[in-house]
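First to last, the sequence lines map onto chains A and B. Numbers in the working numbering are just positions in the first sequence, counted from 1, shifted up by 19. Numbers in the working numbering are just positions in the second sequence, counted from 1, shifted up by 348. We put the beta carbon where it would ideally sit given N, CA and C, even for glycine. Please read these numbers as outputs of a predicted model, since none were measured by experiment.
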Amino acid sequence: MNGGTPLIEFERVSKVYPHPAGNVVALDNATLSIMTGEFVAIMGPSGSGKSTLLNLIGGLDVPSTGVLRIEGADVSTLTDDQLTELRRDRIGFIFQQFNLFPLLTARENIEFPIMLACGKRECGQRPHQLFSAVDLPEDSYERRPSELSGGQQQRVAIARALINDPALLLCDEPTGNLDTKTGNGIMELLLGMNRRGKTIVMVTHDPKIAEFAERTIHIRDGRVE
Amino acid sequence: MIFFELAKRNLRLHLFRSILAVLGVIIGVTSITAMGILGAGIVLFISEDLTKVSDTLVVSPHVGGAMGFSTANDRITDRQFEQIKRAAAPSLAVPVYQTSDRMSVGSEETAGIIYGLDPKDMPVFLDIKEGSMLRGSSGAMVGARFAEDNKLKVGSLIGVRDKGTLRVSAILKERGMGFDINPDYGIVVSSKWFQDSYNRKEYDSVIVKVKSLDEIDSTKKTIEKALNRGRETVVDVVDTRKIMETILDSFSRISLFTTAIGGISLVVAGVSILNVMLMSVTERTREIGIMRSIGAKRKEVRRMFLYEALLLGLIGSGIGAVLSVFAGLLVSQVMLQTTRFVFAPSSMIYILYGMAFGVGTCLLSGFYPAWKASDLNPIEALRHE
Ligand SMILES: Nc1ncnc2c1ncn2[C@@H]1O[C@H](COP(=O)(O)OP(=O)(O)O)[C@@H](O)[C@H]1O
Ligand SMILES: [Mg+2]
Numbered sequence: 020m021n022g023g024t025p026l027i028e029f030e031r032v033s034k035v036y037p038h039p040a041g042n043v044v045a046l047d048n049a050t051l052s053i054m055t056g057e058f059v060a061i062m063g064p065s066g067s068g069k070s071t072l073l074n075l076i077g078g079l080d081v082p083s084t085g086v087l088r089i090e091g092a093d094v095s096t097l098t099d100d101q102l103t104e105l106r107r108d109r110i111g112f113i114f115q116q117f118n119l120f121p122l123l124t125a126r127e128n129i130e131f132p133i134m135l136a137c138g139k140r141e142c143g144q145r146p147h148q149l150f151s152a153v154d155l156p157e158d159s160y161e162r163r164p165s166e167l168s169g170g171q172q173q174r175v176a177i178a179r180a181l182i183n184d185p186a187l188l189l190c191d192e193p194t195g196n197l198d199t200k201t202g203n204g205i206m207e208l209l210l211g212m213n214r215r216g217k218t219i220v221m222v223t224h225d226p227k228i229a230e231f232a233e234r235t236i237h238i239r240d241g242r243v244e
Numbered sequence: 349m350i351f352f353e354l355a356k357r358n359l360r361l362h363l364f365r366s367i368l369a370v371l372g373v374i375i376g377v378t379s380i381t382a383m384g385i386l387g388a389g390i391v392l393f394i395s396e397d398l399t400k401v402s403d404t405l406v407v408s409p410h411v412g413g414a415m416g417f418s419t420a421n422d423r424i425t426d427r428q429f430e431q432i433k434r435a436a437a438p439s440l441a442v443p444v445y446q447t448s449d450r451m452s453v454g455s456e457e458t459a460g461i462i463y464g465l466d467p468k469d470m471p472v473f474l475d476i477k478e479g480s481m482l483r484g485s486s487g488a489m490v491g492a493r494f495a496e497d498n499k500l501k502v503g504s505l506i507g508v509r510d511k512g513t514l515r516v517s518a519i520l521k522e523r524g525m526g527f528d529i530n531p532d533y534g535i536v537v538s539s540k541w542f543q544d545s546y547n548r549k550e551y552d553s554v555i556v557k558v559k560s561l562d563e564i565d566s567t568k569k570t571i572e573k574a575l576n577r578g579r580e581t582v583v584d585v586v587d588t589r590k591i592m593e594t595i596l597d598s599f600s601r602i603s604l605f606t607t608a609i610g611g612i613s614l615v616v617a618g619v620s621i622l623n624v625m626l627m628s629v630t631e632r633t634r635e636i637g638i639m640r641s642i643g644a645k646r647k648e649v650r651r652m653f654l655y656e657a658l659l660l661g662l663i664g665s666g667i668g669a670v671l672s673v674f675a676g677l678l679v680s681q682v683m684l685q686t687t688r689f690v691f692a693p694s695s696m697i698y699i700l701y702g703m704a705f706g707v708g709t710c711l712l713s714g715f716y717p718a719w720k721a722s723d724l725n726p727i728e729a730l731r732h733e
């Protein structure tokens, strides 16, 4: 849709997990690309390989065979540290279980990736804008995750994913642990981020949630349909 | 740094567990350091005496010849003394009479060592606390402990069995452990009185005060050569410095042993820290997965766990260092009856050693868990419940 080079490019990518009772082919010969600015949903039954696909896109895992390019870079040529920097600077992760650090306050959770990026305790002024951007009440800043509601926790997680201004947001069932109303609020937030230029790839099994995306990739038994 | 903050909060979250781990470090550091302080104190304690008598050779008759046959004489004759004196010259050779006998003070019966010395030689060994140095042939000077035990004063009378009565002319200063003479628990009389009372002229030993320390070995050899002619050994010449060094050596081995015990408790502490940290890694597997997925490098995860180990080590070593000063004071008081060596630099350095060992042990125990944490596969760690 943007016409330029794809942000993500799969060329005949397979992912095989070794298993005592025969290897598991989690992703089978997938070829696909995702353009900058797209909002893509990945759908498929449980165990079909959705998370595997998302982990590959996020540089958390590398292909067994085939070529995967993220922002033009072949991930098989990157070191572990380079992949980590890619995740830190270019990608934001949003998980179903929110995955906040229980020992850190909301503010510290959000600041965590900047601290990784610039190595200092205090670094930049972005958290404030982000708190309002993800619509978090002011009294939640210094609270620990256990003191926040599910929806608030996911907003903190989204703010954390956005803080290093990544090109790509990866969401694995972002509304899976939330009620419909709260989930829709989160989806509106993501849609807004997409309108402001973030590329979003989201795994979901809920067709209503998938409707927020402009394109849906279906996957079954590791094969992209 | 946020990783340090996380390490701190995690330790605080598991406070009880952390305290137990730190307790091991405290015990280890305290015992290593206290033993080190005691060992250094013993060395200083001995060294003090070492410098005091290291210029001394003691010549005594050789006892128990080969195969159990006793040799001709068990005393040193006047002729032999003249030989020793010539051989030792220009160092001073002092002949000494020595025996022990029953004595009476008022109606109290007691016993003690009696030294017989030529009054002109007395200032070489003896310092007076009160009274005045013996001049004529009668009278006695008494050792500090002997005077205290028998409530003697200058002017008191001491009866020596059937030998006569001596008037106390002086109380001597306490001399401490020595290898030449030990008058603290006895009395010193003139050699004239001794000869007359015990009816003998032969000496029990000859003490040689060497002019300079370098001459100890050569003087010893010269005396041995002059008296032990041919195959027969007539006298033994003992170098007190050697005796001191032997004792010092065995004391430092003792302190090495006790320090090793402290080391063992540190190893135990290390194992408990290893355990606590492995527990922490397992509990926080998911957290590690999150960190890695949002951009923490392996080395950063590793650092976070090493901070945890470092914190445990610093807290434990810090408390241990403070406690070890008290423990050092206590063991020194008990073992050496003095605490004056505890704050000597050569003792205090053990605090640094102890702390270094404590922190080192913790870091060492932290390495494996930290490596294990950093080596986790982020995807699998994320799946961990
Ligand atoms: N680390 C792994 N080791 C072995 N098998 C795995 C591993 N990860 C995923 N799989 C298998 O790969 C397949 C796809 O898994 P996944 O991508 O998690 O599916 P989904 O997210 O669509 O439920 C499943 O059969 C799963 O059991
Ligand atoms: Mg999944």
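Would you kindly check if the distance between the Cβ of residue j and the Cβ of residue i is under 8 Å?
i: residue 651(B); j: residue 393(B); result: no
i: residue 699(B); j: residue 669(B); result: yes
i: residue 613(B); j: residue 375(B); result: yes
i: residue 54(A); j: residue 235(A); result: no
i: residue 409(B); j: residue 423(B); result: yes
i: residue 649(B); j: residue 636(B); result: yes
i: residue 183(A); j: residue 133(A); result: yes
i: residue 463(B); j: residue 529(B); result: yes
i: residue 657(B); j: residue 714(B); result: yes
i: residue 205(A); j: residue 241(A); result: no
i: residue 638(B); j: residue 118(A); result: yes
i: residue 344(B); j: residue 407(B); result: Lying before the first or after the last residue shown, residue 344(B) is absent from chain B, which here runs from 349 to 733.
i: residue 474(B); j: residue 451(B); result: no
i: residue 485(B); j: residue 517(B); result: no
i: residue 683(B); j: residue 386(B); result: yes
i: residue 687(B); j: residue 618(B); result: no
i: residue 498(B); j: residue 536(B); result: no
i: residue 429(B); j: residue 546(B); result: no
Measuring straight from C-alpha to C-alpha, what distance separates residue i and residue j?
i: residue 460(B); j: residue 514(B); result: 14 Å
i: residue 561(B); j: residue 591(B); result: 15 Å
i: residue 395(B); j: residue 437(B); result: 27 Å
i: residue 567(B); j: residue 496(B); result: 38 Å
i: residue 725(B); j: residue 696(B); result: 47 Å
i: residue 125(A); j: residue 161(A); result: 6 Å
i: residue 101(A); j: residue 200(A); result: 39 Å
i: residue 470(B); j: residue 505(B); result: 21 Å
i: residue 379(B); j: residue 34(A); result: 56 Å
i: residue 418(B); j: residue 411(B); result: Model confidence at residue 418(B) stands at a pLDDT of 45, short of 50, so the residue's coordinates are unreliable and nothing is read from them.
i: residue 69(A); j: residue 149(A); result: 29 Å
i: residue 195(A); j: residue 237(A); result: 18 Å
i: residue 229(A); j: residue 372(B); result: 56 Å
i: residue 692(B); j: residue 381(B); result: 14 Å
i: residue 448(B); j: residue 427(B); result: 25 Å
i: residue 140(A); j: residue 349(B); result: Since pLDDT at residue 140(A) reaches only 49, below the 50 mark, its modelled position is unreliable, and the value read off the structure follows with that caveat. Roughly 5 Å separates the two Cα atoms.
i: residue 645(B); j: residue 120(A); result: 17 Å
i: residue 56(A); j: residue 130(A); result: 25 Å
i: residue 87(A); j: residue 210(A); result: 26 Å
i: residue 587(B); j: residue 405(B); result: 5 Å
i: residue 221(A); j: residue 60(A); result: 5 Å
Any heavy atom of ligand 2 closer than 7 Å to the CB of residue i?
i: residue 70(A); result: yes
Can you determine whether any heavy atom of ligand 1 sits closer than 7 Å to the C-beta of residue i, and answer yes or no?
i: residue 38(A); result: yes
i: residue 45(A); result: yes
i: residue 63(A); result: yes
i: residue 66(A); result: yes
i: residue 727(B); result: yes
Compute the beta-carbon to beta-carbon distance between residue i and residue j, rounded to the nearest angstrom, for a pair I have assumed lies under 8 Å.
i: residue 136(A); j: residue 108(A); result: 6 Å
i: residue 610(B); j: residue 661(B); result: With 8 Å as the limit, residue 610(B) and residue 661(B) do not qualify as a contact, their Cβ atoms being about 15 Å apart.
i: residue 111(A); j: residue 188(A); result: 5 Å
i: residue 106(A); j: residue 665(B); result: Residue 106(A) to residue 665(B), Cβ: 37 Å. No contact.
i: residue 26(A); j: residue 218(A); result: 5 Å
When you measure from the CB of residue i to every non-hydrogen atom of ligand 3, does any distance come out below 7 Å?
i: residue 724(B); result: Ligand 3 is not among the ligands present in this structure, which contains only ligand 1 and ligand 2.
Enumerate, from N- to C-terminal direction, the unbroken alpha helix (DSSP H) stretches of 4 or more residues contained entirely within the region 475 to 529 of chain B. 492 to 497
Complete beta strand (DSSP E) runs within the region 58 to 114 of chain A (minimum length 3 residues, chain order): 58 to 62, 84 to 89, 110 to 113
Just list the alpha helix (DSSP H) runs in the region 159 to 225 of chain A, keeping only unbroken ones of 4 residues or longer that don't cross its boundaries, in chain order. 169 to 181, 199 to 214
List in chain order: all unbroken beta strand (DSSP E) runs of 3+ residues lying wholly within the region 564 to 603 of chain B. 583 to 587
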